[in-house]
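> My questions will all concern the structure given below.
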Amino acid sequence: MAVAENLFPTKRNIFESICLSPRTVTRRVEEMSFDLNNSLKNIFGNFKYFSIALDTSTDRRDTSQLVIFVRGITETYQIFEEFVKVIPIMGTVTGTDVFLHLMELLTELNLPLAKLVGITTDGAPSMVGNKKGTITLLQNEMEKFGIEHNLVKIHCIVHQEALVAKSVRLRETMDAVVNAVNFILSRGLNHRQFRQFLIDTEAEYGDLLYFCNVRWLSRGSMLKRFFHIREDVIIFLEEKNYDASYFRNTDNISKLAFFVDITSHLNDLNLKLQGSNKFIHQMYAEITAFENKLKLWELQLQKGNMTHFVNFLSTNPTDVPEYANIVMELRSEFSSLFMDLRVKCAYIIF
């Protein structure tokens, strides 16, 4: 009421008449939810065709969450993309479990299987298993009802890009950085002293960042920050009697700098692949463009040209052509992992 009095002094009586009891708020939230659900049903009822995207993840309490997106097109070529539901799964997360939850939701939203033309998953075994995977069970269900059109199956492009990023042959460097960061951040006293140390030295950053496998973009951010305050980190680690000899080696610092640059490029690609209203041909174009960049970078590194690797260049590396092999391996991973997408896109675009 204090805010209302300041912002709308002449409307005080209206605000006072609004009931905000817990029961009333609960009822209104339920009414809003019911209205949104009906709106979705009306939109979905006009779909000529639709596709779905499924993803499973685990929250902080180790409860599996099934996330479902729907994209559809009407006869007038209007396209709708909706995040429709998060379903907590308390027990097992088998292909059958996911399939049953999916079928229940499709029935609830009046989305017939006859209009389903595509499905995107995170590539987990429970999703793509040959016998009891969700996709297999879905295809069997469609065949049972005499639905004969081909179901286009796609492994989430962003997931695949993250898998490729993990393949970069610099595991030793990543482990060394993660261990050092964990030594500082996972111990309360060390962390407090380290932050004060950075303040005293007027460092570029005031703290380090944790790395989390689930949050793919955190790798690049963590490595970049570590690299730019590495001298402060090394001094602090040595004061704590931590073996920081790995980071005193100039070749290892060059590897770290190269890792920072390549993950930065991969993160840029990852961001381009995310967001709403992205179509598969657009994402495919981003992937192929990045593959062409990798070819260019490989040739440049073979000739000692580090134009696109600024941090790497700053360390004055001794054997630049060796790093061209890492880029070549990364390009090979892209080529093999996205082969299935390449074939599907050629068909879809045609």
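In our numbering, each number is its position in the sequence shown, counted from 1, plus 6. Glycine included, each C-beta is placed from N, C-alpha and C at the ideal position. Because the structure is a prediction, the values reported are computed rather than measured.
For the ligand HEM, I want to know if residue 246 counts as a neighbour, meaning its beta carbon is within less than 6 Å of at least one of the ligand's heavy atoms.
The ligand HEM is not among the ligands present in this structure, which contains no ligands whatsoever.
> Can you check which of these residues, 328, 127, 105, 162, is closest to residue 146 by C-alpha distance?
Residue numbering aside, residue 146 sits at position 140 when the sequence shown is read from its first letter. Looking at the Cα atoms, 105 is the closest of the given residues.
> Taking just the CA atoms, how far does residue 113 sit from residue 51?
Residue mapping note: residue 51 aligns to position 45 of the sequence shown, counting from 1. Residue mapping note: residue 113 aligns to position 107 of the sequence shown, counting from 1. Answer to the nearest angstrom: the Cα atoms are 12 Å apart.
> With a CB to CB cut of under 6 Å and the five nearest residues on each side skipped, what residues in its chain are close to residue 353?
For the purposes of this step, residue 353 is taken as the residue at position 347 of the sequence shown. Here the model assigns residue 353 a pLDDT of 48, short of 50, so the residue's position is not dependable and the matter cannot be decided.
> Cutting at 6 Å between CB atoms, please list the residues of its own chain near residue 328, excluding the five before and the five after it.
Position 322 of the sequence shown, counting from 1, holds the residue named residue 328. Cβ neighbours of residue 328 beyond the five flanking positions: none.
> Buried or exposed for residue 369, going by 16 or more other Cβ atoms inside 10 Å?
The first residue shown for the chain is 7 and the last is 356, placing residue 369 beyond what the model contains.
> Does the beta-carbon distance from residue 99 to residue 70 come in below 7 Å?
In the sequence shown, counting from the first residue as 1, residue 99 sits at position 93. In the sequence shown, counting from the first residue as 1, residue 70 sits at position 64. It is a contact, given that the beta carbons lie within the stated cut-off.
> Taking all protein chains shown into account, do 16 or more other C-beta atoms lie within 10 angstroms of the C-beta of residue 295, making it buried, or fewer, making it exposed?
Sequence index remark: in the sequence shown, residue 295 carries index 289 (1-based). Exposed, by the Cβ-count rule.
> Could you tell me whether the Cβ atoms of residue 119 and residue 153 are closer together than 7 Å?
The count along the sequence shown starts at 1 and reaches residue 119 at position 113. The count along the sequence shown starts at 1 and reaches residue 153 at position 147. Yes. Within cutoff.
> Going along the chain, which unbroken runs of the alpha helix (DSSP H) with 4 or more residues stay wholly within the region 203–259?
224–234, 236–245
> Nearest-angstrom Cα distance between residue 310 and residue 332?
Here residue 310 refers to the residue found at position 304 when the sequence shown is read from its first residue. Here residue 332 refers to the residue found at position 326 when the sequence shown is read from its first residue. Straight-line Cα distance between these residues: approximately 14 Å.
> According to DSSP, what are the bridge partners of residue 60?
For the purposes of this step, residue 60 is taken as the residue at position 54 of the sequence shown. Answer by DSSP bridge pairing, in chain order: 74.
> Would you mind reading off the limits of the beta strand (DSSP E) that contains residue 127?
The sequence position of residue 127 within the sequence shown is 121, counting from 1. Its beta strand (DSSP E) spans residues 122–127.
> Using only CA atoms, which one of 198, 268, 42, 15 lies nearest to residue 230?
Numbered from its first residue, the sequence shown carries residue 230 at position 224. Among 198, 268, 42, 15, the Cα nearest to that of residue 230 belongs to 268.
> Within its chain, find whatever has a CB closer than 8 Å to the CB of residue 186; leave out the 5 residues flanking it on each side and keep chain order.
As a working mapping, residue 186 is identified with position 180 in the sequence shown. 232, 239, 243, 248, 250, 253.
> Can you find a CB in chain B that lies within less than 7 Å of the CB of residue 268?
No chain B appears in this structure, which consists of one protein chain only.
> Mind checking which residues open and close the alpha helix (DSSP H) that includes residue 304?
Within the sequence shown, numbered from 1, the residue matching residue 304 stands at position 298. Note, residue 304: alpha helix (DSSP H), 286–308.
> Given this structure, state the Cα-to-Cα distance separating residue 102 from residue 37, to the nearest angstrom.
Residue 102 sits at position 96 when you count from the first residue of the sequence shown. Residue 37 sits at position 31 when you count from the first residue of the sequence shown. Going by the C-alpha atoms only, they are around 32 Å apart.
> Could you tell me if residue 57 is buried or exposed, where buried requires 16 or more neighbouring beta carbons within 10 angstroms of its beta carbon?
In the sequence shown, residue 57 corresponds to position 51, counting from 1. Answer is buried; the Cβ neighbour count reaches 16.
> Name the two residues that bound the continuous alpha helix (DSSP H) containing residue 28.
As a first step, residue 28 must be located in the sequence shown, where it is residue number 22. 28–50 is the extent of the alpha helix (DSSP H) around residue 28.
> Is it the case that the Cβ atoms of residue 72 and residue 93 are separated by a distance below 7 Å?
On the sequence shown, position 66 is the one that residue 72 refers to. On the sequence shown, position 87 is the one that residue 93 refers to. Using a Cβ distance threshold of 7 Å, residue 72 and residue 93 count as a contacting pair.
> Straight-line CA distance for residue 137 to residue 262?
Taking the sequence shown and counting its residues from 1, one reaches residue 137 at position 131. Taking the sequence shown and counting its residues from 1, one reaches residue 262 at position 256. Taken atom to atom, the span from the alpha-carbon of residue 137 to that of residue 262 is near 43 Å.
> Out of 143, 338, 264, 150, which one is the CA nearest neighbour of residue 179?
The sequence position of residue 179 within the sequence shown is 173, counting from 1. Ranking the options by Cα distance to residue 179, first place goes to 264.
> Which stretch, first to last residue, makes up the alpha helix (DSSP H) that contains residue 326?
Within the sequence shown, the letter at position 320 stands for residue 326. From DSSP, the alpha helix (DSSP H) with residue 326 extends over 326–343.
> How many angstroms separate the CA atom of residue 35 from the CA atom of residue 88?
The residue given as residue 35 occupies position 29 in the sequence shown. The residue given as residue 88 occupies position 82 in the sequence shown. Approximately 20 Å, taken between the alpha carbons.
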